[in-house]
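Counted from 1, the sequence shown has number 35 at position 36 by numbering that gives the first Met the number 0; the numbering is strictly sequential. Every residue, glycine too, gets a C-beta built ideally from N, C-alpha and C. Report on the following structure.
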Amino acid sequence: MIKNIWKQIILLILRLQGEADTSRYKVIKTKNNILVSLRNEFKNFLLITIGVFSAGFGFKGFLLTNKFIDGGATGISLLVSALTEIPIYYLIPLINLPFIIMGHKTVGINFAIKTALAIGGLALVLANVDFPNVTNDNILVAVFGGFFLGAGIGLSIRGGAVIDGTEVLALYLSKKLGTTIGDVIIIINVMIFSAAAYFLGVEIALYSMITYLSASKTLDFIVEGIEEYIGVTIVSSKCEEIKEMIYNKLGRGVTVYNGKKGFGKRGMKEDSDIIFTVITRLEVSKLTTELEKIAPTAFVVMHTVKDTKGGMIKKRPLKN
């Protein structure tokens, strides 16, 4: 029964898309695509939901009772709430509304809808869920309030939304003004913490900066992944030996590009294989040592990789 309903739904989707091909292969392929999309969206929903509750706990369990603030749109909401006594659950949607509209224009409608739902969900959690006031110790409030708030923002980003619209503003302004996103965020936060120092006092502003640092480091940790990956490009005449070493001693896969090496305008030019692999930060020393044994003059370029998907790196354990 369920199988027949599935088939009818898929056939209807294919007809709506103007597909003439309704063969068994096409139906199965479309069904698999739908299941993949549903599974990913469910995972995103869970991440955003956990993120919303984590941020809510950071707000009500630590920051609000001590009038500490954070950076970005969240910091603006906390600052206005501290000065006016307007409930934070009214201010967060109101202050983030322009950023949601901006996100629609800058990123896309799907992102804007998810962000609107995430911010609305956070407002509902803050209005209706009671969290205990964990501590009044200023250092603990600053560090752990920032930790839970940063975790909430990071998990929401993992789910394809934001609950703090500052990065959307930074992306928009960086395109308009030709500056980097980091520069825009720094300027915004300098203004916020300067206002906090003026209205709330220097001491609260300094504690709030600790909150921001804690939140930003937690955010980076969650968005970039638990492990730090390093992309390594190697150019050497001993390509086969290096490939064998990476596979056998590090347990990692490699990608080989065909290229040319040379130097200067009229320098030597010859075909060469270029090896690319991704390893964890803990394996850099071992790779360097093994390369020294095989090809001490190899040209090596390393750069940070935010995260990885597929391949061998998350399936194989570290080799000793």
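Between S207 and I68, the gap from beta carbon to beta carbon is short of 9 Å. With fewer than 16 neighbouring CB atoms inside 10 Å of its own CB, S193 falls in the exposed class. Excluding its 5 nearest sequence neighbours in each direction, H103 has C-beta neighbours in its own chain below 8 Å: F110, A111, listed in chain order.
Counting C-beta atoms within 10 angstroms of its own C-beta, E269 has fewer than 16 neighbours from the protein chains shown and is therefore classed as exposed. Contact between S235 and I241 holds: CB atoms are separated by about 6 Å, below the 8 Å threshold. A distance below 9 Å separates the beta carbons of A122 and Y88. Taking a 10 Å sphere around the C-beta of V161, we find 16 or more other C-beta atoms and assign the residue as buried. Secondary structure of T279 (DSSP, three-state): strand.
The alpha-carbon of L125 is positioned some 45 Å away from that of T276. For I233, the uninterrupted beta strand (DSSP E) run begins and ends at 228-234, by DSSP.
In the DSSP assignment, M301 is bridged to V231. K216 sits exposed, since fewer than 16 C-beta atoms from the chains shown fall within 10 Å of its C-beta.
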